[in-house]
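Student: Before anything else, here's the structure in question.
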Amino acid sequence: IQMTQSPSTLSASVGDRVTITCRASQSISNWLAWYQQKPGQAPKLLISKASSLETGVPSRFSGSGSGTEFTLTINSLQPEDFATYYCQQYNTDWTFGQGTKVEIK
Amino acid sequence: EVQLVESGGGLVQPGGSLRLSCAVSGFTFTNYWMIWVRQAPGMGLVWVSAINTEGTRTNYADSVKGRFTISREDGKNTLYLQMTSLRVDDTGVYYCARLSGAAADRWGQGTLVTVSS
Numbered sequence: 001i002q003m004t005q006s007p008s009t010l011s012a013s014v015g016d017r018v019t020i021t022c023r024a025s026q027s028i029s030n031w032l033a034w035y036q037q038k039p040g041q042a043p044k045l046l047i048s049k050a051s052s053l054e055t056g057v058p059s060r061f062s063g064s065g066s067g068t069e070f071t072l073t074i075n076s077l078q079p080e081d082f083a084t085y086y087c088q089q090y091n092t093d094w095t096f097g098q099g100t101k102v103e104i105k
Numbered sequence: 106e107v108q109l110v111e112s113g114g115g116l117v118q119p120g121g122s123l124r125l126s127c128a129v130s131g132f133t134f135t136n137y138w139m140i141w142v143r144q145a146p147g148m149g150l151v152w153v154s155a156i157n158t159e160g161t162r163t164n165y166a167d168s169v170k171g172r173f174t175i176s177r178e179d180g181k182n183t184l185y186l187q188m189t190s191l192r193v194d195d196t197g198v199y200y201c202a203r204l205s206g207a208a209a210d211r212w213g214q215g216t217l218v219t220v221s222s
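Respectively, the protein sequence lines represent chains A and B. Last residue of the first sequence: number 105 in the working numbering, and the count goes up by one each step with no gaps. Last residue of the second sequence: number 222 in the working numbering, and the count goes up by one each step with no gaps.
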């Protein structure tokens, strides 16, 4: 299963609402996770099962979708949110998207 | 506190071997599937291998199948990745991670593997 994220890079300002899209090459039901990775750090799980927010993750993060199309939305972007975000399917083995870098505009 | 600590990375020549270890603490190791994920320099995350709770089922990415072996030693709370016939494109940071509902909810800090002559 191939995972395609868009855009690859996103320029935004503090306070903006940003949306990242992830498409699967075949249906994965809701077996999708979103991760945040900052330079020099391990990835951090934000959302599992497409829309389930992990404990401790701010509520400005939300996920939606099922089947083949999914979105990660960050409401009111904060300085600590500038990072790279990856989607990952776990319907069949595990496959990551290529990542979306959220940078300061 | 949940902790995963990788070790065993380093510089190895093409065709060489290396064994990575991931020592875990702060949770019941035997209750969780575990995976290895790698990241080439400046690139994205790539799943490498997974192992079930009993160590009886293993999965591998096509790129490492037949060359890498994942295993676990429950008495030592340790996950392993035996890597053989290493290639230049195996270079990267290798992370171990715990699976919860098949998403990776806890990660180690990673260990760097460099394959170069």
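Virtual Cβ for every residue (Gly too), placed ideally from N, Cα, C.
Whose Cβ in chain A lies nearer than 7 Å to the Cβ of B:W212?
Tutor: Residues of chain A passing the Cβ test: A42 and P43.
Student: Could you please give the first and the last residue of the uninterrupted beta strand (DSSP E) stretch that includes B:N164?
Tutor: Where B:N164 is concerned, the enclosing beta strand (DSSP E) stretches over T163 to Y165.
Student: Does DSSP put B:E106 in a helix, in a strand, or in coil?
Tutor: Residue state, collapsed to three classes: coil.
Student: How is B:T196 classed by DSSP in three states: helix, strand or coil?
Tutor: Of the three classes helix, strand and coil, the one that applies to B:T196 here is coil, per DSSP.
Student: Shortest alpha-carbon distance to A:R17 belongs to which of A:F82, A:F96 and A:Q89?
Tutor: That would be A:F82, whose Cα lies nearest to the Cα of A:R17.
Student: Report yes or no: do the region 46-54 of chain A and the region 120-132 of chain B share at least 3 C-beta pairs separated by less than 8 Å?
Tutor: Segments in contact, no.
Student: Assuming the contact rule is C-beta atoms closer than 8 Å, B:L125 and B:L186 should be a hit. Round their C-beta distance to whole Å, please.
Tutor: About 4 Å separates the two Cβ atoms, so the contact holds.
Student: Would you please verify whether the beta carbon of A:Q98 is less than 8 Å from any beta carbon of chain B?
Tutor: A:Q98 counts as touching chain B.
Student: Between B:D167, B:A155, B:A202 and B:K170, which lies nearest to B:T216 when the distance is taken from Cα to Cα?
Tutor: The shortest Cα separation from B:T216 among B:D167, B:A155, B:A202 and B:K170 belongs to B:A202.
Student: Could you check if A:T95 is buried or exposed, using at least 16 other CB atoms within 10 Å of its CB as the buried criterion?
Tutor: Flag for A:T95 reads buried.
Student: Could you compute how far the alpha carbon of B:G149 sits from the alpha carbon of B:L184?
Tutor: If you take the alpha carbons of B:G149 and B:L184, they lie about 23 Å apart.
Student: Listing by chain order, which chain B residues have their CB less than 7 Å from the CB of A:F48?
Tutor: Note that residue 48 of chain A is Ser in the sequence shown, not Phe. In chain order: G206 and A208.
Student: Should B:V193 be flagged as near chain A, meaning a C-beta pair shorter than 8 Å?
Tutor: No, no contact with chain A.
Student: Just verifying my parser: in three-state terms, what is the DSSP assignment at B:E159?
Tutor: Three-state DSSP puts B:E159 in coil, outside helix and strand.
Student: List, in chain order, every chain B residue whose beta-carbon is nearer than 9 Å to that of A:A83.
Tutor: Those do not exist, as A:A83 stays about 13 Å from chain B at its closest Cβ, beyond 9 Å.
Student: Beta carbons nearer than 9 Å to chain A: which residues of the region 125-152 of chain B have them?
Tutor: Result list: I140, V142, Q144, M148, G149, L150, V151 and W152.
Student: Short of 6 Å in beta carbon distance, which residues of its chain neighbour A:K101, apart from the five on each side in sequence? Order them along the chain.
Tutor: Same-chain partners within the cutoff: T9 and T84.
Student: Can you find a CB in chain A that lies within less than 8 Å of the CB of B:N164?
Tutor: True, the Cβ-Cβ gap to chain A drops below 8 Å.
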